Amino acid sequence: MKRKIVSSLVIALVVAFMVPAAFSQDKFPSKPINVIVPFAAGGSSDLLARAVEKIWTKYSPQPLVVINKPGGGGVVGTEFVVRSKPDGYTLYLGYGSGHDVVMPHLQKLPYDTYKDLAAVSRLSVHSVAICTGEKSEFKSIKDMVAWAKKENKPITSSVSTKAGAVDITITALGKMAGINIVTVPFSGGADAVTTLAGGHVMIGGGHPSEVMPHIKAGRFKPLAVALPERDPSLPDVPTLIEQGVNVHTWGSIKGVAAPAATPKEVVEYLDGTIKKVCEDAEFKKLMTDLGQPVMYLNSADFAKFLQQAYGDYGKLIKDLNITIQ
Numbered sequence: 159m160k161r162k163i164v165s166s167l168v169i170a171l172v173v174a175f176m177v178p179a180a181f182s183q184d185k186f187p188s189k190p191i192n193v194i195v196p197f198a199a200g201g202s203s204d205l206l207a208r209a210v211e212k213i214w215t216k217y218s219p220q221p222l223v224v225i226n227k228p229g230g231g232g233v234v235g236t237e238f239v240v241r242s243k244p245d246g247y248t249l250y251l252g253y254g255s256g257h258d259v260v261m262p263h264l265q266k267l268p269y270d271t272y273k274d275l276a277a278v279s280r281l282s283v284h285s286v287a288i289c290t291g292e293k294s295e296f297k298s299i300k301d302m303v304a305w306a307k308k309e310n311k312p313i314t315s316s317v318s319t320k321a322g323a324v325d326i327t328i329t330a331l332g333k334m335a336g337i338n339i340v341t342v343p344f345s346g347g348a349d350a351v352t353t354l355a356g357g358h359v360m361i362g363g364g365h366p367s368e369v370m371p372h373i374k375a376g377r378f379k380p381l382a383v384a385l386p387e388r389d390p391s392l393p394d395v396p397t398l399i400e401q402g403v404n405v406h407t408w409g410s411i412k413g414v415a416a417p418a419a420t421p422k423e424v425v426e427y428l429d430g431t432i433k434k435v436c437e438d439a440e441f442k443k444l445m446t447d448l449g450q451p452v453m454y455l456n457s458a459d460f461a462k463f464l465q466q467a468y469g470d471y472g473k474l475i476k477d478l479n480i481t482i483q
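Counted the way the working numbering counts, the sequence shown spans residues 159 to 483.
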């Protein structure tokens with residue numbers, strides 16, 4: 159009888175020691191976290207993801223692994239995250255891009271942008287900068303509009319994705335200025351900028367981190383930014399409003415999202431780690447060099463901001479009767 163009691167006690171003690179060990183092994187994160195960027199490498203979302211990836215390991219025991227999944231104007235990669243297991247190991251970076259806040263107003267998506275994704279954190283907001291090539295005769299938006307009306311010809315413009323923030327901004331510019339602008343969409347900002355650099359279109363829209371290297375090298379002439387006020391990254395470039403075109407947009411919002419059913423404690427961990435990354439001096443320096451402002455918002459505030467931006471884009475689309483063919 160004593161032997162049985164002793165044996166039972168020994169087993170109980172072994173189990174008691176094993177259970178915490180098992181739980182500690184399962185503590186999030188216990189393996190690398192995949193971050194899906196639904197655009198091609200080299201664009202503003204990709205550059206931001208690489209900056210976060212570099213600093214992340216200072217504050218988390220597991221690394222981030224950036225994976226580019228372009229296609230469908232950002233929809234392909236985003237849907238991949240929506241359909242992924244909601245365990246925090248597959249995230250979406252770029253949440254708040256055009257296919258999140260613009261495209262749902264114009265066409266049906268294979269998922270619900272807000273019900274099927276959980277906002278984790280906002281990292282930045284990227285303005286839309288409108289540029290032309292170095293050999294272009296345009297020196298301002300006024301020049302471009304005057305040429306289009308005099309020649310009665312369309313202006314061709316490269317844009318990062320169809321129905322994205324850049325596309326809708328350029329389309330709104332054409333509508334408000336009373337000229338025909340034909341947008342040519344690509345799989346991300348890098349391809350759109352490369353097309354403008356090659357002289358295949360007359361103008362192009364991109365975020366500062368995408369166009370600044372070309373501006374500095376003299377390949378691009380910046381014509382305008384679409385924010386309500388000048389962009390600190392391009393302080394010498396006037397807004398569309400300053401040039402008589404009453405158009406301004408949020409640009410492209412850049413945040414992190416997880417599948418909707420991701421546990422609250424996992425979202426809190428991710429948000430808390432991103433906050434530390436955004437406060438890191440090295441990260442701030444990287445972002446300054448990229449021309450991307452650090453504009454952190456926590457999960458709850460980011461979700462509210464997205465709804466506001468979505469509503470504002472919806473009003474712009476309705477007021478200007480914008481459609482995407």
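We put the CB at the ideal spot given by N, CA and C, even for glycine. For clarity, every value in this text was computed on a predicted model and none was experimentally measured.
key: Of the residues M302, K443 and E426, the one placed nearest N456, counting alpha carbons only   = When only C-alpha atoms are compared, the closest one is E426.
ask   = Three-state secondary structure (DSSP) at R208?
value = Shown here, R208 sits in a helix according to DSSP, grouped into three states.
task = Count the C-beta pairs between the segment 276-295 and the segment 381-394 that are closer than 8 Å, then say yes if the count reaches three, no if not.
result = Touching, yes, given that three or more Cβ pairs across the two stretches are closer than 8 Å.
query = What does DSSP give as the partner residues of C289 in its beta bridges?
reply = Listed as beta-bridge partners of C289 by DSSP are G362 and P380.
Alpha-carbon to alpha-carbon, K308 and K227 = Approximately 42 Å, taken between the alpha carbons.
query = In the structure shown, what three-state DSSP assignment does A199 receive?
reply = Three-state result, A199: coil.
query = Going along the chain, which residues of its own chain have a beta-carbon closer than 6 Å to the beta-carbon of P221, five neighbours each way excluded?
reply = For P221, same chain residues with a beta-carbon under 6 Å away, outside a window of 5 residues either side, are P190 and T215 in chain order.
ask   = Is it the case that the Cβ atoms of I299 and M360 are separated by a distance below 8 Å?
value = Result no, Cβ atoms of I299 and M360 do not sit closer than 8 Å.
inquiry  = Going by beta-carbon coordinates alone, are I399 and L464 separated by less than 8 Å?
reply    = Cβ distance not < 8 Å, so I399 and L464 don't count as in contact.
request  = Mind the definition here: the segment 201-213 touches the segment 334-354 only if three or more C-beta pairs lie below 8 Å; say whether that holds.
outcome  = Inter-segment contact for the segment 201-213 and the segment 334-354 is present: three or more beta-carbon pairs are separated by less than 8 Å.
request  = Check K412 in the structure and name its three-state DSSP category.
outcome  = Strand at K412.
ask   = Is the beta carbon of V259 less than 8 Å from the beta carbon of Y468?
value = In contact: V259 and Y468 (Cβ atoms closer than 8 Å).
key: Other residues of its chain near N486: CB distance less than 6 Å, five sequence neighbours each side excluded   = The structure shown does not extend to residue 486, since the chain is modelled only from 159 to 483, so the question has no answer here.
ask   = On the three-state DSSP scale, how would you describe Y247?
value = Y247: coil per DSSP, three-state reduction.
message = The alpha helix (DSSP H) that contains T446, what's its start and end?
response = For T446, the enclosing alpha helix (DSSP H) covers residues A439 to L448.
ask   = What residue does the beta strand (DSSP E) around S298 start on, and which one ends it?
value = It is not in any beta strand (DSSP E) - S298 carries neither H nor E in the DSSP assignment.
ask   = If you follow the alpha helix (DSSP H) that L455 is part of, which residue opens it and which one closes it?
value = First-last for L455: undefined, no H or E at that position.
task = Give every residue of the same chain whose Cβ lies closer than 8 Å to the Cβ of G423, excluding the five residues on either side of it in the sequence, and list them in chain order.
result = Rather than Gly, the amino acid found at residue 423 in this sequence is Glu. Same-chain partners within the cutoff: F186.
ask   = Between the C-alpha atoms of Y247 and E437, what's the straight-line distance to the nearest angstrom?
value = Using only the alpha carbons, I get a separation of about 23 Å.
key: DSSP-derived helix/strand/coil call for S218   = In the structure shown, S218 sits in coil (DSSP, three-state: anything other than H, G, I, E or B).
ask   = What whole-angstrom Cβ distance do S315 and I328 have, given they're in contact under 8 Å?
value = Right, their Cβ atoms sit about 5 Å apart.
query = What does DSSP give as the partner residues of V342 in its beta bridges?
reply = Bridge partners of V342: S316.
Whether L267 touches A415 by CB criterion (8 Å) = Taking 8 Å as the cut-off, the beta carbon of L267 is found no closer than this to the beta carbon of A415.
query = What's the gap between the Cα of H263 and the Cα of G322?
reply = Distance between the alpha carbons of H263 and G322 is about 11 Å.
ask   = Can you tell me whether DSSP reads V405 as helix, strand or coil?
value = DSSP places V405 in coil when its eight states are reduced to three.
request  = May I ask which residues mark the beginning and end of the beta strand (DSSP E) holding L275?
outcome  = Taken as a continuous stretch (DSSP letters only), the beta strand (DSSP E) holding L275 covers L275 to H284.
query = Less than 8 Å separating the beta-carbons of N192 and V233?
reply = Between N192 and V233, the C-beta spacing is not below 8 Å.
query = Which of the three DSSP states, helix, strand or coil, is assigned to Y253?
reply = Y253: strand per DSSP, three-state reduction.
task = Return yes when the Cβ of L251 is within less than 8 Å of the Cβ of L206, no when it is not.
result = A contact, by the Cβ cut-off of 8 Å.
Anticipated Cβ contact below 8 Å, E295 with F378, distance rounded = Contact doesn't hold; Cβ gap of about 14 Å is too wide.
message = Using only the alpha-carbon positions, how far apart do G357 and K476 sit?
response = Taking the straight line joining both Cα atoms gives about 33 Å.
message = Measuring alpha carbon to alpha carbon, tell me which residue in G231, G336, V324 and I225 is nearest G402.
response = Nearest C-alpha to G402 among G231, G336, V324 and I225: G336.
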